[in-house]
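Number of protein chains: 2
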Amino acid sequence: MVKNRKSCEVPDATIHRLPLYLEKLKLLQAIGVEDVSSRQLAESLDIKASQLRHDFHYFGGFSRPGRPYQVAKLVPALEQIIGIAEPVPTAIIGAGHLGQALANYQNLDVQGFPVRGIFDTNPKLIGLEMRGQPVRDMDELEKVIKEEKIRIAILTVPSTQAQVVANRLVEAGIIGIFNFAPTDLKVPEGVAVRNERLAVGIMSLSFKVKCILQSQDEDITEV
Amino acid sequence: MVKNRKSCEVPDATIHRLPLYLEKLKLLQAIGVEDVSSRQLAESLDIKASQLRHDFHYFGGFSRPGRPYQVAKLVPALEQIIGIAEPVPTAIIGAGHLGQALANYQNLDVQGFPVRGIFDTNPKLIGLEMRGQPVRDMDELEKVIKEEKIRIAILTVPSTQAQVVANRLVEAGIIGIFNFAPTDLKVPEGVAVRNERLAVGIMSLSFKVKCILQSQDEDITEV
DNA sequence: AAGTAACGGTTAAATAATTAACACATAATG
DNA sequence: CATTATGTGTTAATTATTTAACCGTTACTT
Numbered sequence: 000m001v002k003n004r005k006s007c008e009v010p011d012a013t014i015h016r017l018p019l020y021l022e023k024l025k026l027l028q029a030i031g032v033e034d035v036s037s038r039q040l041a042e043s044l045d046i047k048a049s050q051l052r053h054d055f056h057y058f059g060g061f062s063r064p065g066r067p068y069q070v071a072k073l074v075p076a077l078e079q080i081i082g083i084a085e086p087v088p089t090a091i092i093g094a095g096h097l098g099q100a101l102a103n104y105q106n107l108d109v110q111g112f113p114v115r116g117i118f119d120t121n122p123k124l125i126g127l128e129m130r131g132q133p134v135r136d137m138d139e140l141e142k143v144i145k146e147e148k149i150r151i152a153i154l155t156v157p158s159t160q161a162q163v164v165a166n167r168l169v170e171a172g173i174i175g176i177f178n179f180a181p182t183d184l185k186v187p188e189g190v191a192v193r194n195e196r197l198a199v200g201i202m203s204l205s206f207k208v209k210c211i212l213q214s215q216d217e218d219i220t221e222v
Numbered sequence: 000m001v002k003n004r005k006s007c008e009v010p011d012a013t014i015h016r017l018p019l020y021l022e023k024l025k026l027l028q029a030i031g032v033e034d035v036s037s038r039q040l041a042e043s044l045d046i047k048a049s050q051l052r053h054d055f056h057y058f059g060g061f062s063r064p065g066r067p068y069q070v071a072k073l074v075p076a077l078e079q080i081i082g083i084a085e086p087v088p089t090a091i092i093g094a095g096h097l098g099q100a101l102a103n104y105q106n107l108d109v110q111g112f113p114v115r116g117i118f119d120t121n122p123k124l125i126g127l128e129m130r131g132q133p134v135r136d137m138d139e140l141e142k143v144i145k146e147e148k149i150r151i152a153i154l155t156v157p158s159t160q161a162q163v164v165a166n167r168l169v170e171a172g173i174i175g176i177f178n179f180a181p182t183d184l185k186v187p188e189g190v191a192v193r194n195e196r197l198a199v200g201i202m203s204l205s206f207k208v209k210c211i212l213q214s215q216d217e218d219i220t221e222v
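Structure (structure tokens):
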């Protein structure tokens with residue numbers, strides 16, 4: 000099956016757009032839209048239609064020439080590609096404020112990532128319930144990961160502990176780490192890490208804000 | 000001052016690396032490192048030295064040929080560029096789980112974004128204190144933004160309300176919105192929005208996990 | 001004091017991503 | 001039944017980003 004291997008050689012930029020396509024399509028589906036053209040879908044996402052078709056082209060045809068996409072076919076196709084055709088059991092490591100926020104974030108479930116384990120070392124937190132899931136002691140980590148067949152972990156521990164915990168997760172069979180600690184994790188090949196750096200986000204926003212303020216100043220002095 | 004205008008015409012990819020440079024440099028500064036070459040710094044960030052020099056080149060010389068960068072000069076230079084030479088007062092709109100998590104996220108202060116206002120409409124939350132800041136009623140939004148000269152807002156309200164609140168923020172003088180709601184905000188020119196889509200993050204991770212699993216399967220069948 | 005190794009700035013080349021263009025297919029229309 | 005409008009898949013052109021190459025400087029070594 001050459002397709003599979005090929006379908007993994009896709010630019011990151013395209014991968015990041017897949018969830019956006021899916022989200023919009025689900026929205027259309029919810030209001031009863033059956034067909035949608037590349038132009039309509041692209042326009043609603045503020046991108047070019049050719050880019051959307053180009054993105055889809057990595058995965059083979061979703062329609063045939065002359066006919067728009069059928070929402071009912073496209074949604075499961077994208078879910079398959081993204082890997083959420085079946086629910087993906089997920090763990091949250093670190094039940095501090097951020098961990099709690101994510102554990103209570105209903106969308107995680109809806110989007111295909113049911114939380115099947117929440118872990119912490121703090122005795123004050125252990126036993127607390129969030130959306131029906133108790134906060135468990137880290138001692139249970141390996142057992143629960145195995146029992147629940149968890150493959151993805153969301154890491155919300157202090158950055159000092161991130162690497163140690165990550166090692167343990169990898170050892171326990173986790174192959175996808177969504178890392179919220181501002182640390183670069185070292186992981187072996189065959190493990191995917193995605194760093195979510197809030198600081199990067201707000202700083203690049205700050206850069207643009209500074210540029211806006213500067214251009215406003217210039218406009219004034221130019222008058 | 001042509002430099003200012005030019006310094007805003009910088010690729011997004013470069014902008015996103017600036018915080019990483021700054022973070023690493025601060026780390027070096029903390030352990031007493033005075034000089035660092037482009038190669039050393041790049042290597043520690045797992046990028047090419049030429050890319051780092053190319054990035055810096057957008058903003059003019061930070062050193063002179065033959066001499067490595069001086070950490071003590073580079074740090075404030077980057078802070079200036081990013082726009083955090085002075086602390087940037089920030090507001091959090093929505094004191095739910097995520098808003099609370101961010102309000103309690105000490106790094107925000109440290110990185111130059113002191114929280115000067117937390118807002119919600121829920122009477123049960125109003126009055127609660129987080130890091131010395133009370134949760135305020137939305138009625139006070141405009142007043143506090145003005146008094147505290149807040150320019151950046153972190154939006155953590157339900158997506159149904161995101162656009163309405165965003166409009167109000169813009170009206171009140173906010174020019175940078177860090178949006179955690181899974182909605183595309185429409186804002187006038189002169190306002191910067193950065194969308195932080197957790198679902199996008201975890202889904203692109205899921206895509207890579209699926210690819211890893213597939214390639215493992217193939218390896219087995221190939222043997 | 002000359003030679004050498006290391007360095008940043010700068011420009012050019014290579015690579016990747018986006019956008020446009022086009023060929024062909026479909027269904028609706030007169 | 002031809003014609004037209006709309007549409008995708010696919011390839012080509014354009015644009016953006018990354019990487020490499022080179023030049024002039026600096027400080028160190030012998």
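For the record, the sequence lines run as chains A and B. Note that numbering that gives the first Met the number 0 has the first sequence beginning at 0, numbered continuously upward. Note that numbering that gives the first Met the number 0 has the second sequence beginning at 0, numbered continuously upward. No residue lacks a Cβ here, since even glycine has one placed at the ideal position from N, Cα and C.
Query	Result
For Ile176 (chain A), which beta-bridge partners are listed by DSSP?	A:Ala152 and A:Val192
Cβ of Phe118 (chain A) less than 8 Å from any chain B Cβ?	no
Please give me, in chain order, every unbroken run of the beta strand (DSSP E) with length at least 3 that falls completely inside the segment 34 to 106 of chain B.	89 to 92
Quick check: Val35 (chain B) and Val70 (chain B), are their CB atoms within less than 8 Å of each other?	yes
Ignore the nearest five residues each way along the sequence and tell me which others in Lys148 (chain B)'s own chain have a CB closer than 7 Å to its CB.	Pro88
Under a three-way DSSP split, which group does Asp136 (chain A) fall into?	strand
Taking Phe177 (chain A) as the query, report the chain B residues whose CB atoms sit under 9 Å from its CB, ordered along the chain.	Leu197, Gly200, Ile201 and Leu204
Under the DSSP definition of a beta bridge, which residues are partnered with Val114 (chain B)?	B:Thr89
What does Pro75 (chain A) touch in chain B if you count any residue whose Cβ is under 9 Å from its own?	Simply none; closest approach about 14 Å.
Any idea what DSSP makes of Asp119 (chain A), helix, strand or coil?	strand
Comparing alpha-carbon positions, which option in A:Ile174, A:Leu101 and A:Ala84 lies nearest Ser311 (chain B)?	With chain B covering only 0 through 222, there is no way to say anything about residue 311 (chain B).
Tell me where the alpha helix (DSSP H) around Lys23 (chain A) begins and ends.	Asp11 to Ala29
Measuring CA to CA, which of B:Lys209, B:Phe55 and B:Ala180 is closest to Val163 (chain B)?	B:Ala180
Are any of the Cβ atoms in chain B nearer than 8 Å to that of Pro18 (chain A)?	yes
Which of the three DSSP states, helix, strand or coil, is assigned to Glu146 (chain A)?	helix
Taking its Cβ as the centre, do 16 or more other Cβ atoms sit within 10 Å of Leu54 (chain A), making it buried, or is it exposed?	Here the sequence assigns Asp to residue 54 (chain A), which means Leu is not the residue at that position. So Asp54 (chain A) counts as buried.
Would you call the segment 26 to 43 of chain B in contact with the segment 85 to 104 of chain B, where contact means no fewer than 3 C-beta pairs closer than 8 Å?	no
What did DSSP end up calling Glu128 (chain B) once you bin it into helix, strand or coil?	strand
For the alpha helix (DSSP H) holding Glu170 (chain A), just list the boundary residues, first then last.	Ser158 to Glu170
Could you confirm whether any beta carbon from chain B is found closer than 8 Å to the beta carbon of Glu22 (chain A)?	yes
Alpha carbon to alpha carbon, what distance is there between Ile81 (chain B) and Glu78 (chain A)?	38 Å
What is the DSSP secondary structure of Leu184 (chain B), counted as helix, strand or coil?	coil
Does Lys207 (chain A) get closer than 8 Å to chain B when you measure Cβ to Cβ?	yes
Which residues in chain A sit within 9 Å of Phe61 (chain B), going by Cβ to Cβ distance?	Within 9 Å Cβ-Cβ: nothing; Phe61 (chain B) doesn't reach chain A, min ~17 Å.
Quick one: what's got a C-beta closer than 7 Å to Leu44 (chain B)'s C-beta in the same chain, skipping five residues either side?	Leu19 and Lys23
Looking at the structure shown, is Val32 (chain B) part of a helix, part of a strand, or coil, going by DSSP?	coil
Does the separation of the CB atoms of Gly61 (chain A) and Ser6 (chain A) fall below 8 Å?	It is Phe, not Gly, that sits at residue 61 (chain A) in the sequence shown. No, the Cβ-Cβ distance between Phe61 (chain A) and Ser6 (chain A) is not below 8 Å.
Quick check on Glu227 (chain A): does DSSP put it in helix, strand or coil?	Nothing can be reported for residue 227 (chain A), as the shown portion of chain A is limited to 0 through 222.
Return yes when the Cβ of Gly116 (chain B) is within less than 8 Å of the Cβ of Thr155 (chain B), no when it is not.	no
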